[in-house]
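Each remark here refers to the structure printed beneath this line.
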Amino acid sequence: MNTHLTPNAELLDAESVQQSFSADRATYIRANTWLAAAAMFGGMVVLWLLGNPYVWTGAVGGLGAIVVRGAYLMSDELAMRWDLTNQRLLGPGGRMIALENIDKINKMGSFVQVVTQSGDKHLIKYQLDPEATVAALKRQSGAL
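Right under this line is the structure:
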């Protein structure tokens, strides 16, 4: 497993992990299925607007592009994990957000967006129950 995909920060004194958030495989596949449908439709519309008589090839190209992209990124996306401690939100790539610095928590489909007071934005992706993730983050951080 790639260590840059999981939190690697050392816990502070009196800090403990309260909950972890990992991507859900079925949610990842569902999101990419919708993305493929949009790419197929978009590819067909572009070819139709260009007057191409083989509009159906846009669907094949859109589907192929998203399938390749989804398969290529799947192992990394599903390995990402965020840890919520009693003091910070720890994320992949060394991300660390002090709970008191969280300004907003937004649900965006299966993603949860964490916005800091300085305007930095972080995504916790492909959550099976994004509402539960939002609730846990709000409860621990006190963010409204």
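FYI, numbering that gives the first Met the number 0 numbers position 116 of the sequence shown as 115, with every residue one higher than the one before it. Note that CB positions come from ideal geometry on N, CA and C, so glycine has one too. Quantities reported herein were computed from a predicted structural model and do not represent experimental measurements.
Q | Validate contact between the stretch 19-27 and the stretch 123-130 using beta carbons, cut 8 Å, 3 pairs | A | With a cut-off of 8 Å, the stretch 123-130 and the stretch 19-27 count as touching, because enough Cβ pairs lie within range.
Q | Within 8 Å, strictly: CB atoms of Q17 and T115 | A | Walking along the sequence shown from the start, residue 17 turns up at place 18. Walking along the sequence shown from the start, residue 115 turns up at place 116. With a cutoff of 8 Å on beta-carbon distance, Q17 and T115 are scored as not near each other.
Q. Taking the Cβ atom as the reference point for each residue, do P6 and D75 lie within a distance shorter than 8 Å?
A. As a working note, residue 6 is residue 7 in the sequence shown. As a working note, residue 75 is residue 76 in the sequence shown. No, these two residues do not count as a Cβ contact at 8 Å.
**Q.** Unbroken stretches of the beta strand (DSSP E), 3 residues or longer, contained in the stretch 79-109
**A.** Listed in chain order, they are 80-84, 87-89, 95-97 and 101-107.
Q) How many Å lie between K106 and M95 at the Cα? A) Residue numbering aside, residue 106 sits at position 107 when the sequence shown is read from its first letter. Residue numbering aside, residue 95 sits at position 96 when the sequence shown is read from its first letter. The C-alpha of K106 lies about 20 Å from the C-alpha of M95.
**Q.** Cβ neighbours of A30 in the same chain (closer than 8 Å, five flanking residues each side left out)
**A.** Position 31 of the sequence shown holds residue 30. If the five residues before and after A30 are omitted, its C-beta is found closer than 8 Å to the C-beta atoms of G108, S109 and Y125, all from its own chain and listed in chain order.
(Q) Given this structure, state the Cα-to-Cα distance separating N100 from V44, to the nearest angstrom. (A) Position 101 of the sequence shown, counting from 1, holds the residue named residue 100. Position 45 of the sequence shown, counting from 1, holds the residue named residue 44. In a straight line, the C-alpha of N100 is about 44 Å away from that of V44.
Q: Classify S117 as helix, strand or coil using the three-state DSSP reduction.
A: The count along the sequence shown starts at 1 and reaches residue 117 at position 118. Looking at S117 - three-state DSSP - the assignment turns out to be coil, as it is neither helix nor strand.
**Q.** Boundaries (first-last residue) of the alpha helix (DSSP H) holding S140
**A.** As a working note, residue 140 is residue 141 in the sequence shown. In the DSSP assignment, S140 falls within the unbroken alpha helix (DSSP H) covering P129 to S140.
Q.
Need the endpoints of the beta strand (DSSP E) that V16 sits in, please.
A. Within the sequence shown, residue 16 is the residue found at index 17, counting from 1. For V16, the uninterrupted beta strand (DSSP E) run begins and ends at V16 to S21, by DSSP.
Q. Name the DSSP beta bridge partners of Q146, please?
A. Because the chain here runs from 0 to 143, residue 146 falls outside it and cannot be looked at.
**Q.** Own chain, CB closer than 8 Å to A25, minus 5 neighbours either side, in chain order
**A.** Here residue 25 is taken as the residue at index 26 of the sequence shown, counted from 1. Excluding sequence neighbours, A25 sits near L127.
**Q.** Segments assigned alpha helix (DSSP H), at least 4 residues, entirely inside the stretch 23-55
**A.** Secondary structure within the stretch 23-55: the alpha helix (DSSP H) runs of 4 or more consecutive residues, fully enclosed, are 24-48 (chain order).
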